[in-house]
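K.L.:
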Amino acid sequence: MAYTIKVNGASHTVDVDDDTPLLWVLRDVLGMTGTKFGCGMALCGACTVHVDGAPTRSCITTIDSVGDSAITTIEAIDRTPSGRSIQQAWVDLEVPQCGYCQSGQIMSASALLRDNPHPGDTEIDDAMSGNICRCGTYVRIRAAIKQAAASPAPAAKKG
Amino acid sequence: MPLDQVVGAGISRRSLLKLVSAAGGGLVLGLTLPWPVREAAAAASGTFAPDAFIRIDRAGQVTMVMPYVEMGQGTYTSIPMLLAEELEVGLDQVHLEHAPADDKLYANPLLGFQATGGSTAIRASWEPMRRAGAAARMMLISAAAATWNVEAAACHAASGAVIHAASKRKLGYGALVDKAAALPVPEQIALKDPKDFKLIGKPAKRLDTPLKVNGKAEFGIDTRLPGMKIATVASSPVFGGKLASLDDSKAKAVKGVRQVVRLDEAVAVVADHMGAAKKGLAALEIKWDDGANAHVSTADLVREMDAASQGPGVVDKNEGDVAAALQGAATRLEAVYQVPFLAHAAMEPMNCTVHVARDRCDVWVGTQIAGRARAVTAELTGLPPEQVEIHNHYIGGGFGRRLDVDGIALAVRIAKQVDGPVKVVWTREEDIQHDIYRPYYYDRMAAGLDADGKVVAWSHRVTGSSILARWLPPAFKDGHDFDAVEAAMGPYSFPNAHVDYVRHEPPAGLLTGWWRGVGVTHNAFMVEGFIDELAGAAKQDPVAFRRGLLDKSPRARAVLDLAAAKAGWGSPLPAGSGRGVSVIFGFGTYVAQVAEVAVGKDGQVRVKRVVCAVDCGHVVNPDTVKAQIEGGAIFGITAALYGEITLKDGRVEQANFDSYQMLRIDEAPAIEIHIMESSEAPGGMGEPSTSTIGPAVVNAIFAATGVRLRKLPIDTAQLKSA
């Protein structure tokens, strides 16, 4: 059936089965491929988006559960101060290698930083251990979250 | 002998520039360049393209065509650094493009064909890419000198412009392209003195990072085309099995499902989106004919390998008289070491998008081996290779998996039955259960010590599948697989040594392939574990014992000393903790690591700290070297703690990240890296850290618990103390 969902501030109507995961609506129906498929079972975090601000695994979030929640994806995370801080720290510390998991990492990290501006190691572990990085960038992810926490958020880009 | 030296022996001394010239005449536009490049060049007439890697247009835009793929290892920064260093442009002035498939223009000079793997990219590019950049710079300078009617020697290049200092004149490269394009490629190319390097050796920001923090980097799986369908696939769960019967009525009733494609050994559901394709696949009623492998299990395979390993094998090395030396030894040790089948589990699941049209075929994929991708597509479609185009992409983790083209072949076979473009995406389960696995190795080690604890004999028999025999048959000669036995003596020297290889293949249908670290990774585990055992038998400290065997390898000894010093080797640790060391030479690089582990009463192992010393010769991008050590260590710890693919009833028992676990951030150790200054030729960095860490961890567990583990993954049940 038809569902109207709100993604990055815009409304989209899609006609899919009610049990269709949000991940495939974003990637295949709406063509927003920044959100990645990794496991399909909420085991790896590559598909993480924000649903009303909460980091959520879109691969197990069915379209009929979304309602009128505000969905934010990697494509628009730079509209939030914590998102910009995390992206800047990721660039400064050269976190990504292959980069495939990094959309999910950044979505988890920016949610953490918004809720907890100065996370300690345990809090970073708790927030980030659902996100697998096969290239093994964990050391830099931890350092980048700390750097982002210690730096003022970059200004929003205009336009 | 390493892969790169054997395979490429015929051409390894030829510069890539010469290779390109030989391939079609060098400079003349439109003769040496592949058609997409040529097309682009024609569209922007006046483009200066002195070789297959550099194009400069009239606006001065420098485009570099990348023959090696970017899969996280930093190639899309380090190769441009080599070109830009000599071309005299800043990295911020460079635009990058993926190279098309072309084994002539874009061959890896160490391998002889277009491939990214074996930690070869920097080694293969070190001289050719600098020469390519220098040749282009010399031609641009000549063009400027002719324009001003001055000596070329009086001009120099900087930041994308040629300058005549005496007259303070300056012309940007864009203004020189027409003249430069008409000049011959210089025969004598002078490379910079390394002391004048502006880019090489200094930390450079990766050119692909900005795209990888905002979701804009396009991986193969992100391909979008008008009218494209999405398919997902189920192959016979038993290797070598066939499709027996299929009822697809329920699948076809799923909203969004368009088609069900039958192949001999697989079924694919084609749909509007992956959600529908997966739902359709789950609704299929499939009966498989399991075939000959229906009852294969890992335990059976290991029993067979144990029998096969009684040997004898094909001799790789035979120095002195091992039998006599063992006979006369004061102490003899024997041990069997084993490592399991491993899946690659790259984060980007296997995928490939194909559009088969009447007179051409386009393939959108991330591949480490574009030329072979084109060849297999041509073969399966019956089209000539020049009517097949491979659109390469960023790869969401390679680790050797994308050196095989099975996923491309499967996608092409499916696409032949689909009208329009189709993206075939494997589920994670399919990706893990139909991988091409790192072989199981079953190695017999033996050594003899004299009364002073000196090693008088070393014997290492490797038993396992031959990847080379399948992947590169000409390199598999007389039963000898140089990859399987690579680094089978470590970096050490022994007065009497014997290394041999017994080929033992798993049942037909189960394929083995390259996995990060290849032969070095498996042999380092065997060698460095067994060396630790010998140190124990000699009642010597593991670092001191290794030093004594490294007289002929000063670079190995230097990294060992540095790692030990930085790790505080010998200083006390809490109960239940221990340090372990390992040292390797592989891929042209020397690495020593000290791992610090804590073993809980429940047997759980935590790697707390890794100290790494590396001598990889001349460093191109120091930050990338560090990143590869960090990531390689995490990759190796994952394998040591968790990595194991097992078979039961011919099926892989692991399926997703719950049953095939990855190390997570809360388990990641602190990693300290010390890079040695060196003016030696660069070594590879993609794999050494993965090779070194496993044995360091196992040796640390021994130090912590007294339990010697000779098999991976680590069996925590053996480590329980409560």
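Sequence lines, in order, name chains A and U. By our numbering, the letter at position 94 of the first sequence is numbered 90, and the numbering carries on one by one without gaps. Whatever position you read off the second sequence (first residue = 1), add 61 for our numbering. Ideal Cβ positions, reconstructed from N, Cα and C, are used throughout, including at glycine.
Could you list which residues in chain A have their beta carbon closer than 7 angstroms to that of U:Asp309, in chain order?
P.N.:
Stepping through the second sequence from its first residue, residue 309 of chain U is reached at position 248. Within 7 angstroms Cβ-Cβ: nothing; U:Asp309 doesn't reach chain A, min ~17 angstroms.
K.L.:
Any chance the region 198 to 205 of chain U sits against the region 166 to 180 of chain U, with 3 or more Cβ pairs inside 8 angstroms?
P.N.:
Judged by Cβ distances under 8 angstroms, the region 198 to 205 of chain U makes no contact with the region 166 to 180 of chain U, as fewer than three pairs qualify.
K.L.:
Look up A:Pro221 in the DSSP assignment and say whether it is helix, strand or coil.
P.N.:
Residue 221 of chain A lies beyond the stretch modelled for chain A, which goes from -3 to 155, so this question has no answer here.
K.L.:
Counting only Cβ pairs nearer than 7 angstroms, list the residues of chain U close to A:Thr133.
P.N.:
For the purposes of this step, residue 133 of chain A is identified with residue 137 of the first sequence, where counting begins at 1. In chain order: Gly692.
K.L.:
Going along the chain, which residues of its own chain have a beta-carbon closer than 8 angstroms to the beta-carbon of U:Arg319, five neighbours each way excluded?
P.N.:
The count along the second sequence starts at 1 and reaches residue 319 of chain U at position 258. Counting only Cβ-Cβ distances below 8 angstroms, and skipping sequence neighbours, we find Lys290, Val331, Ala332, Asp333.
K.L.:
Can you name the residues that DSSP bridges to U:Ala585?
P.N.:
Numbered from 1 along the second sequence, position 524 holds the residue referred to as residue 585 of chain U. None; U:Ala585 has no bridge partner.
K.L.:
Nearest CA to the CA of U:Ser527: which residue from U:Ile726, U:Ala368, U:Tyr498?
P.N.:
Locating residue 527 of chain U in the second sequence gives position 466, counting from the first residue. If we check each option's Cα against that of U:Ser527, U:Tyr498 comes out closest.
K.L.:
Indicate whether U:Leu272 and U:Leu394 have their beta-carbon atoms separated by less than 9 angstroms.
P.N.:
Residue 272 of chain U sits at position 211 when you count from the first residue of the second sequence. Residue 394 of chain U sits at position 333 when you count from the first residue of the second sequence. The answer is no: Cβ separation not under 9 angstroms.
K.L.:
Counting along the chain, where does the alpha helix (DSSP H) carrying A:Val12 start and finish?
P.N.:
Residue numbering aside, residue 12 of chain A sits at position 16 when the first sequence is read from its first letter. Element bounds for A:Val12: n/a, residue is neither H nor E.
K.L.:
Which residues in the same chain as U:Val546 place their Cβ atom closer than 6 angstroms to its Cβ, once the five residues preceding and following it in sequence are excluded?
P.N.:
The residue labelled residue 546 of chain U in the question sits at position 485 within the second sequence. Here the set comprises Asp377, Val523, Val560, Tyr562.
K.L.:
To the nearest angstrom, how far is it from the Cα of U:Gly692 to the Cα of U:Val424?
P.N.:
Along the second sequence, one-based indexing puts residue 692 of chain U at 631. Along the second sequence, one-based indexing puts residue 424 of chain U at 363. If you take the alpha carbons of U:Gly692 and U:Val424, they lie about 30 angstroms apart.
K.L.:
Who are the neighbours of U:Ile261 on chain A, taking C-beta pairs under 8 angstroms?
P.N.:
Working through the second sequence from its first residue, we reach residue 261 of chain U at position 200. Per Cβ cutoff of 8 angstroms: no residues; U:Ile261 is ~17 angstroms from chain A at best.
K.L.:
Just the chain A side, please: which residues come within less than 9 angstroms of U:Thr270 by C-beta, in chain order?
P.N.:
In the second sequence, the residue the question calls residue 270 of chain U occupies position 209. Under the 9 angstroms cutoff, chain A gives Trp86, Val87, Glu90, Val91, Pro92, Gly95.
K.L.:
Assuming the contact rule is C-beta atoms closer than 8 angstroms, U:Ile645 and U:Pro749 should be a hit. Round their C-beta distance to whole Å, please.
P.N.:
Within the second sequence, numbered from 1, the residue matching residue 645 of chain U stands at position 584. Within the second sequence, numbered from 1, the residue matching residue 749 of chain U stands at position 688. About 6 angstroms; that satisfies the 8 angstroms criterion.
K.L.:
Can you tell me which of A:Cys131, A:Cys129, A:Ile102, A:Ala140 puts its alpha carbon nearest to the alpha carbon of A:Asp117?
P.N.:
The residue labelled residue 117 of chain A in the question sits at position 121 within the first sequence. The shortest C-alpha separation from A:Asp117 is found at A:Ala140.
K.L.:
Between U:Ala507 and U:Ala396, is the Cβ-Cβ spacing less than 9 angstroms?
P.N.:
Counting from one through the second sequence, the residue named residue 507 of chain U turns up at place 446. Counting from one through the second sequence, the residue named residue 396 of chain U turns up at place 335. Yes, the pair counts as a contact, with Cβ atoms nearer than the cut-off.
K.L.:
Is it true that the region 44 to 52 of chain A meets the region 332 to 349 of chain U, where meeting means three or more beta-carbon pairs spaced less than 8 angstroms apart?
P.N.:
Counting Cβ pairs under 8 angstroms, fewer than three are found: no touch.
K.L.:
Is there a C-beta anywhere in chain U that falls below 9 angstroms from the one on A:Arg138?
P.N.:
Taking the first sequence and counting its residues from 1, one reaches residue 138 of chain A at position 142. Answer yes: the Cβ-Cβ gap between A:Arg138 and chain U drops below 9 angstroms somewhere.
K.L.:
In the region 561 to 585 of chain U, which residues sit with their C-beta less than 9 angstroms from some C-beta in chain A, listed in chain order?
P.N.:
Residues passing the 9 angstroms Cβ filter: none.
K.L.:
Does the beta carbon of A:Thr52 sit closer than 9 angstroms to a beta carbon anywhere in chain U?
P.N.:
Along the first sequence, read from residue 1 onward, the residue named residue 52 of chain A stands at position 56. Chain U contact via Cβ: absent.
K.L.:
Report the three-state DSSP secondary structure of U:Ala659 (helix, strand or coil).
P.N.:
Your numbering for residue 659 of chain U matches position 598 in the second sequence. Reduced to three states, the DSSP call for U:Ala659 is strand.
K.L.:
Would you mind working out which of U:Pro556, U:Pro500, U:Phe555 sits nearest U:Arg531, comparing C-alpha positions?
P.N.:
As a first step, residue 531 of chain U must be located in the second sequence, where it is residue number 470. The residue with the shortest Cα to Cα distance from U:Arg531 is U:Pro500.
K.L.:
Quick check on A:Ser125 - is its C-beta less than 9 angstroms from some C-beta in chain U?
P.N.:
Residue 125 of chain A sits at position 129 when you count from the first residue of the first sequence. Chain U, which has a Cβ nearer than 9 angstroms to the Cβ of A:Ser125, makes this yes.
K.L.:
Pull up the distance between the alpha-carbon of A:His8 and that of A:Ala149, whole angstroms please.
P.N.:
Here residue 8 of chain A refers to the residue found at position 12 when the first sequence is read from its first residue. Here residue 149 of chain A refers to the residue found at position 153 when the first sequence is read from its first residue. Roughly 30 angstroms between the two C-alpha positions.
K.L.:
Where does A:Met124 land, buried or exposed, given buried means 16+ other C-beta within 10 angstroms?
P.N.:
As a working note, residue 124 of chain A is residue 128 in the first sequence. Counting Cβ neighbours within 10 Å, A:Met124 comes out buried, since at least 16 surround it.
K.L.:
If you measure from the beta carbon of U:Ala120 to each beta carbon in chain A, is any gap under 9 angstroms?
P.N.:
On the second sequence, residue 120 of chain U is found 59 positions in, with the first residue counted as 1. It does not: the Cβ of U:Ala120 has no partner Cβ on chain A nearer than 9 angstroms.
K.L.:
Less than 9 angstroms between the beta carbons of U:Gly514 and U:Thr392, yes or no?
P.N.:
Along the second sequence, one-based indexing puts residue 514 of chain U at 453. Along the second sequence, one-based indexing puts residue 392 of chain U at 331. Result yes, Cβ atoms of U:Gly514 and U:Thr392 sit closer than 9 angstroms.
K.L.:
Name the residue from U:Lys340, U:Tyr137, U:Gly540 whose alpha carbon lies nearest to the alpha carbon of U:Lys266.
P.N.:
As a working note, residue 266 of chain U is residue 205 in the second sequence. Among U:Lys340, U:Tyr137, U:Gly540, the Cα nearest to that of U:Lys266 belongs to U:Tyr137.
K.L.:
If the cut is a Cβ gap below 7 angstroms, which residues of chain A does U:Asp544 touch?
P.N.:
Numbered from 1 along the second sequence, position 483 holds the residue referred to as residue 544 of chain U. Those within 7 angstroms of U:Asp544 in chain A number zero; the least Cβ separation is about 23 angstroms.
K.L.:
Helix, strand or coil: which one does DSSP assign to A:Pro51?
P.N.:
For this step, residue 51 of chain A is matched to residue 55 along the first sequence. Here A:Pro51 sits in strand by DSSP.
K.L.:
Using CA atoms only, rank isn't needed, just tell me which of U:Ala214, U:Pro161, U:Lys772, U:Val150 is closest to U:Val588.
P.N.:
Walking along the second sequence from the start, residue 588 of chain U turns up at place 527. Checking every option, the nearest Cα to that of U:Val588 belongs to U:Lys772.
K.L.:
Sort U:Leu595, U:Pro568, U:Ala312, U:Val473 by Cα distance to U:Ala518 and report the nearest one.
P.N.:
If you number the second sequence from 1, residue 518 of chain U lands on position 457. Ranking U:Leu595, U:Pro568, U:Ala312, U:Val473 by Cα distance to U:Ala518 puts U:Leu595 first.
K.L.:
Might you give, ordered along the chain, the residues of its own chain that have their beta carbon closer than 7 angstroms to the beta carbon of U:Ala617, omitting 5 neighbours on each side?
P.N.:
Counted from its first residue, the second sequence places residue 617 of chain U at position 556. Here the set comprises Pro552, Leu611, Val644, Phe646, Tyr651.
K.L.:
With a threshold of 16 other CB atoms inside 10 Å of the CB of A:Pro51, please say whether the residue is buried or exposed.
P.N.:
Numbered from 1 along the first sequence, position 55 holds the residue referred to as residue 51 of chain A. Counting Cβ neighbours within 10 Å, A:Pro51 comes out buried, since at least 16 surround it.
K.L.:
Report all residues from its chain with a CB closer than 7 angstroms to the CB of U:Arg198; omit the five preceding and five following residues, and keep chain order.
P.N.:
Here residue 198 of chain U is taken as the residue at index 137 of the second sequence, counted from 1. Cβ within range, chain order: Glu147, Leu148, Glu149, Ala218.
K.L.:
In angstroms, rounded to a whole number, what distance separates the CA positions of U:Glu728 and U:Ala329?
P.N.:
What you label residue 728 of chain U is simply residue 667 of the second sequence in a count that begins at 1. What you label residue 329 of chain U is simply residue 268 of the second sequence in a count that begins at 1. If you take the alpha carbons of U:Glu728 and U:Ala329, they lie about 38 angstroms apart.
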